[in-house]
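First comes the structure, then the notes that go with it.
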Amino acid sequence: MSNKVKLLLVMFFAIVPALTLSAGEQEDSTAYLFRFVPRKDMFYSPWGGNGAELARLLAAIDRNREAIENGQMYLCVTSYGAQGASGERISKTRRNRVKSELIVRGRIKEMNFVTDKNVGEPYGDEYDVVVVRLPASVEKVAEIAGNDAADKVEAYNKAENSGQVVEQAPETDETATTETPVREYQAIQTQQAAARQELPEAEQTDGKPTVYNLALRANLLRWATLTPDLGVEWRVNRNVGIAVNGSWTSWTWKDNERRYALWEVAPEVRWYIGSEKRGYIGAMYKAGEFNYKLSDTGKQGNLMGGGITGGYQLKLNNALSMDFSLGMGCIHADYDKYTVIDGVRVKRGMETRNWWGPVQAGVTLVWTIF
Numbered sequence: 004m005s006n007k008v009k010l011l012l013v014m015f016f017a018i019v020p021a022l023t024l025s026a027g028e029q030e031d032s033t034a035y036l037f038r039f040v041p042r043k044d045m046f047y048s049p050w051g052g053n054g055a056e057l058a059r060l061l062a063a064i065d066r067n068r069e070a071i072e073n074g075q076m077y078l079c080v081t082s083y084g085a086q087g088a089s090g091e092r093i094s095k096t097r098r099n100r101v102k103s104e105l106i107v108r109g110r111i112k113e114m115n116f117v118t119d120k121n122v123g124e125p126y127g128d129e130y131d132v133v134v135v136r137l138p139a140s141v142e143k144v145a146e147i148a149g150n151d152a153a154d155k156v157e158a159y160n161k162a163e164n165s166g167q168v169v170e171q172a173p174e175t176d177e178t179a180t181t182e183t184p185v186r187e188y189q190a191i192q193t194q195q196a197a198a199r200q201e202l203p204e205a206e207q208t209d210g211k212p213t214v215y216n217l218a219l220r221a222n223l224l225r226w227a228t229l230t231p232d233l234g235v236e237w238r239v240n241r242n243v244g245i246a247v248n249g250s251w252t253s254w255t256w257k258d259n260e261r262r263y264a265l266w267e268v269a270p271e272v273r274w275y276i277g278s279e280k281r282g283y284i285g286a287m288y289k290a291g292e293f294n295y296k297l298s299d300t301g302k303q304g305n306l307m308g309g310g311i312t313g314g315y316q317l318k319l320n321n322a323l324s325m326d327f328s329l330g331m332g333c334i335h336a337d338y339d340k341y342t343v344i345d346g347v348r349v350k351r352g353m354e355t356r357n358w359w360g361p362v363q364a365g366v367t368l369v370w371t372i373f
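The working numbering numbers the first residue of the sequence shown as 4 and each following residue consecutively.
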């Protein structure tokens, strides 16, 4: 095997763990995680354990109600999800969905929140989530609500840590005391409706999320050359996918004078890009054996290699997509040359060849299982 091919393989196996690694957030007891269906802004209590997380947060609000109402403790609300104009609008609506649940069910007010309007991506390996932190950090309160609010929170924290919390009367602002949670809820609902009207039509349609966990694949270009090809792809998360395709065929004709036989296995790691995560770049590796005799001289041997891939998935419906892909790299082949005399295979020498250029092409039908 040439030094170039060895270097290519080393690069491939170095890229794979780097792409599949997902940075996990250290568990934070002050963080409450609410998950959303990809590209949707509706808050579903049964989805992703939201009901249990909401109950846990409501209990924490009850325990700290006095400090929250006195302005000594805030809830920080942050969105994580797709970037871009449409993604930020969805994230804004999601924040308001969660806040409206807390206002109505937790009996708190808009003034008790500090809302981080920046959209972070991602939260550990989680996308399409809203994170509520109780209590909000002093730094975040200073950044959003101002230094006076932050000083009040810091003084409360110091007094609490020293065991000398001083009770303060709630603010007597007539407007604040007469506002009801229902009015605040209605205001937020109006804001949510306006945000949804701004969304593109594609973002407002109901349907299955475009991101799947497992799908079956069939490369139609391979099938067109009478080479059956099947594979699977596992989406580790919204960004990373691992695909494996395998091909096999065996044909003879002209009284065994002509031969076309092949098997290959090609694993690939992909990094999906774009707001809809349909385009991708990746790294692939392939290995196999072949036996071609399309003229008087046949070639039989093995191959291996790999390269960089790129492509785009065109969604046909909720279950089917077309995957257009191309890979560039190097294939290394060691093979024997032979002829057939009176039905006996006669060896005519050995050869080694490296091919640099296109190493993979696909027009692949993808069927989403779940």
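Virtual Cβ for every residue (Gly too), placed ideally from N, Cα, C.
Owing to the predicted nature of the structure, the values given are computational and were not obtained by experimental measurement.
- Asn222 has Thr367 as its beta-bridge partners, per DSSP.
- In the DSSP secondary-structure assignment, Ser250 is bridged to Asp232 and Glu267.
- Along the region 113-162, the alpha helix (DSSP H) occurs as fully enclosed runs of 4 or more residues at 141-148, listed in sequence order.
- Straight-line measurement puts the Cα of Trp256 at about 16 Å from the Cα of Val347.
- For Gln75, DSSP records no beta bridge to any residue.
- Note on Phe327: under 16 other CB atoms within 10 angstroms of its CB, so exposed under the neighbour-count rule.
- A Cβ-Cβ separation of about 6 Å places Gly308 in contact with Val362 under the 8 Å criterion.
- Note on geometry: alpha-carbon atoms of Ala227 and Tyr126 lie some 44 Å from one another.
- Membership of Asn53 in the alpha helix (DSSP H) is indicated by the continuous run Asn53 to Arg66.
- Residue pairing by DSSP places Asp337 opposite Asn305 and Thr355 in a beta bridge.
- Taking C-beta separations shorter than 6 Å and ignoring five residues to either side along the sequence, the partners of Glu157 in its chain run Val141, following chain order.
- If you check the CB distance, Ile93 and Asp44 come in under 8 Å.
- The alpha-carbon separation between Phe116 and Arg98 amounts to approximately 11 Å.
- Trp274 has Val243 and Ile284 as its beta-bridge partners, per DSSP.
- Excluding the 5 residues flanking it on each side, Arg100 has same chain C-beta neighbours closer than 6 Å at Phe46, in chain order.
- Taking each of Ala221, Ser278 and Arg261 in turn and checking the Cα distance to Asn242, the smallest one comes out for Ser278.
- For Leu36, the uninterrupted beta strand (DSSP E) run begins and ends at Ala34 to Arg38, by DSSP.
- Burial state of Glu260 is exposed, judged by a 10 Å Cβ sphere holding fewer than 16 other Cβ atoms.
- Secondary structure at Ser48: coil, using DSSP grouped into helix, strand and coil.
- If you check the CB distance, Gly313 and Tyr283 come in under 8 Å.
- Taking the Cα of Ala218 as reference, the smallest distance to any Cα among Leu323, Asp299 and Leu137 is reached at Leu323.
- DSSP places Glu279 outside both helix and strand once states are collapsed to three, so it counts as coil.
- Contact between Glu267 and Gly249 holds: CB atoms are separated by about 7 Å, below the 8 Å threshold.
- Listed as beta-bridge partners of Arg92 by DSSP are no residues whatsoever.
- Minimum Cα-Cα distance from Arg136 among the listed residues Arg59, Glu91, Lys161 and Tyr315 corresponds to Arg59.
- Distance from the CA atom of Gly51 to the CA atom of Phe37, rounded to whole angstroms, is 8 Å.
- In this structure, Leu317 lies away from Ala221, with their beta-carbon atoms at least 8 Å apart.
- In terms of CA proximity to Lys302, Arg262 leads the group Arg262, Asn320 and Gly310.
- Check the Cα spacing between Glu124 and each of Ala145, Gly90 and Arg351: the tightest is with Gly90.
- Tyr275 and Trp370 have their C-alpha atoms roughly 18 Å apart.
- Restricting attention to Thr96, Phe39, Thr33 and Ala55, the CA atom closest to the CA of Cys79 is found in Thr33.
- Closest by C-alpha distance to Asn53, out of Trp254, Asn294, Val134 and Asn150, is Val134.
- Distance from the CA of Ser48 to the CA of Ile64, rounded to the nearest whole angstrom, comes to 18 Å.
- Look at Ser103 here: in three-state DSSP terms it is helix.
- Distance between Asn240 and Ala269, taken at the CA atoms: about 21 Å.
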